[in-house]
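Trainee: Residue numbers (our numbering), protein chains in the order written: chain A, 710 to 1024; chain B, 390 to 677.
Even for Gly, the Cβ is constructed at its ideal location relative to N, Cα and C.
Predicted, not measured: the structure shown is a model, and the values here were computed from it.
Structure below; questions to follow.
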Ligand SMILES: Cc1ncc(C[n+]2csc(CCOP(=O)(O)OP(=O)(O)O)c2C)c(N)n1
Ligand SMILES: [Mg+2]
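Listed below in structure tokens is the structure:
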């Protein structure tokens, strides 16, 4: 597959709200739980259009996680929406004990993940959710690249028998997938063929990674781009194959380099195919409130930063 | 529910058996909690032998009543009740805390059918109960959800999150039972030292707190079966609000040297401790 940005810009959170309606209409088990953030996460669409499937839980995330667990034991599929920072931190013990340990089908939407959270600053930026969720047994961890993939992965996540965490972003981002794209759980996708270097990315960093590949192509460097929408279970074979094909790897994510995609790739390659690599991500610091472009620039997440890491690795 | 003399004696006998199984299991395992299971003995027996609409042969029946032990450290008390009720062989209690056992230190619903929720991290049990009560309403089912919480357990903020939300939804199919034994693992110092009952302190009065959170409250003696059953009946007939039964109990109840002593919250049982407990329980049984 050779993908480029389509020119269309859509917000993942809007796709989330739309997909919830779609799920509700096809599956009577689906209910949406909100922690007083529905008009941010866009679960408010459900409260307006399918009010009988919307349950306000107030600003009480620990309780919300437990309520979802109880509902799940009774044959319902609760979709819980809050900011990623709260899901990952405020109610982590609840997630561990009453959702992950009993392996219940609670679906978690981590909205406003990464640095680009609308000038809310470090309290609201969640840049370690992949690391934390990946370390939780029984969790499935997804990070879709664009609005199309949000919908596609939610349809699959809904039917999984255990808990799922879906990492989502706030602002409109370039769309890369065609409307008929079908999500395959646990599969990494080559979204750009290449021979000189492998760029591995996840979530909304993938469109930026494709732009980095464009930049490198203009300099005669052929970059393979591997998109990893399923962080767990990880497609280790695809990672090893891509590393074998090009001989060096750059990972990139709007997330800390500690334990996220970069960490996961290093674990796989370290054991199965040691390969020179470089991790492009947030370098073990908290963020701050600023316009998106300034954040990407300061924390080193622009296409230019990815391309520069690739050049450095190749030279 | 009116209790015949025979039925009353039978339930008392089950409570004594539960206490015996708890001490023996903790003695055998070399570790475990005692005070909490003892204070909950009559409440557990009342639930499992009279109140809950359950069938040990169909532990996953979607229409069964639900029970969650939020104070999950009292697991061995619940396992003993489940064993007496036929969910598992009595002999299996000897596997408590052993490798590969279904009887984990804290209740694990993923390995033992008959457990409706996993617990052990305090403060978490009421929320899943709220979720079950909501699910019953949403699905049009008429099962009831019961959650037993501890007084230490309810120092966790999450209990009060759940209290607020359950009242907001007016869930009258949800009943909490507070095992109000006045002690926790260590607790606060009183003028008499640590682990001494200080139940009169006004700020500790759970009834006014739960009422302020919008719950129907019922106070009862947690060791007296007729009182427990009338509390259950009152809870079930109340409409429009969740109910909490505040059960006055004695931590370590039934074993003289454990009663009201916080040191017996959790402690290995020596051979001599076991012998004395067995003798005391035998005497109680003989006196029935
Ligand atoms: C979140 C959490 N903190 C601490 C503990 C350790 N702990 C286990 S039991 C207990 C005391 C519980 O007191 P209470 O709820 O009153 O139980 P009971 O008196 O009925 O035994 C503590 C602190 C725990 N299990 N979970
Ligand atoms: Mg107590």
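1. Does any residue of chain B have a CB that is nearer than 8 Å to the CB of residue 769(A)?
2. Residue 766(A) versus chain B: which residues are under 8 Å apart at the beta carbon?
3. Would a check of beta-carbon distances place residue 581(B) closer than 8 Å to chain A?
4. Taking only heavy atoms of ligand 1 into account, decide whether any of them is closer than 7 Å to the Cβ of residue 656(B).
5. Expressed to the nearest angstrom, what Euclidean distance is found between the alpha-carbon atoms of residue 987(A) and residue 889(A)?
6. Is the stretch 479 to 486 of chain B in contact with the stretch 521 to 535 of chain B, if contact means three or more CB pairs nearer than 8 Å?
7. Less than 8 Å between CB atoms is the rule here; does residue 870(A) satisfy it with respect to chain B?
8. Considering only the alpha carbon of each residue, which of 543(B), 657(B), 475(B), 448(B) lies closest to residue 500(B)?
9. Taking C-beta to C-beta, are residue 958(A) and residue 943(A) nearer than 8 Å?
10. For residue 419(B) and residue 657(B), I'd like the C-alpha separation in whole angstroms.
11. Quick check: the stretch 456 to 471 of chain B against the stretch 492 to 499 of chain B, are there 3 or more CB pairs under 8 Å?
12. I'd like to check one pair, residue 523(B) with residue 351(B): are the Cβ atoms closer than 8 Å?
13. Can we count residue 447(B) as close to ligand 4, meaning its CB is less than 7 Å from some heavy atom?
14. Sorry if obvious, but does the Cβ on residue 568(B) come closer than 7 Å to a heavy atom of ligand 1?
15. Using a Cβ-Cβ cut-off of 8 Å, state whether residue 673(B) counts as contacting chain A.
16. Alpha carbons only, please: which of 991(A), 999(A), 985(A) is nearest the one belonging to residue 1020(A)?
17. Using the beta-carbon of each residue, which ones in chain B are nearer than 8 Å to residue 785(A)?
18. What residue does the beta strand (DSSP E) around residue 636(B) start on, and which one ends it?
19. Starting from residue 467(B), trace the alpha helix (DSSP H) both ways and give me its first and last residue.
20. Could you please give me the residues that DSSP links to residue 539(B) through a beta bridge?
21. Does residue 901(A) pass the burial test, meaning 16 or more other C-beta atoms within 10 Å, or should it be called exposed?
22. Can you tell me which residues form a DSSP beta bridge with residue 958(A)?
23. Suppose the cutoff is 8 Å on Cβ atoms and the five residues either side in sequence are ignored; what does the same chain contact list for residue 1023(A) look like?
24. Identify the continuous beta strand (DSSP E) that holds residue 626(B) and give its terminal residues.
25. Could you check whether the Cβ of residue 540(B) sits closer than 7 Å to any heavy atom belonging to ligand 2?
26. Using a beta-carbon distance below 8 Å, is residue 814(A) in contact with chain B?
Mentor: In this structure, then:
1. yes
2. 554
3. no
4. no
5. 34 Å
6. no
7. no
8. 448(B)
9. no
10. 5 Å
11. yes
12. Nothing in the structure corresponds to residue 351(B), since chain B is present only between 390 and 677.
13. Judged by which ligands are present, ligand 4 is missing from the structure shown, whose ligands are ligand 1 and ligand 2.
14. yes
15. no
16. 985(A)
17. 524, 527, 528
18. 632 to 637
19. 464 to 474
20. 568(B)
21. buried
22. 907(A), 986(A)
23. 905, 906, 930, 957
24. Where residue 626(B) is concerned, there is no enclosing beta strand (DSSP E), although the alpha helix (DSSP H) it sits in stretches over 614 to 626.
25. yes
26. no
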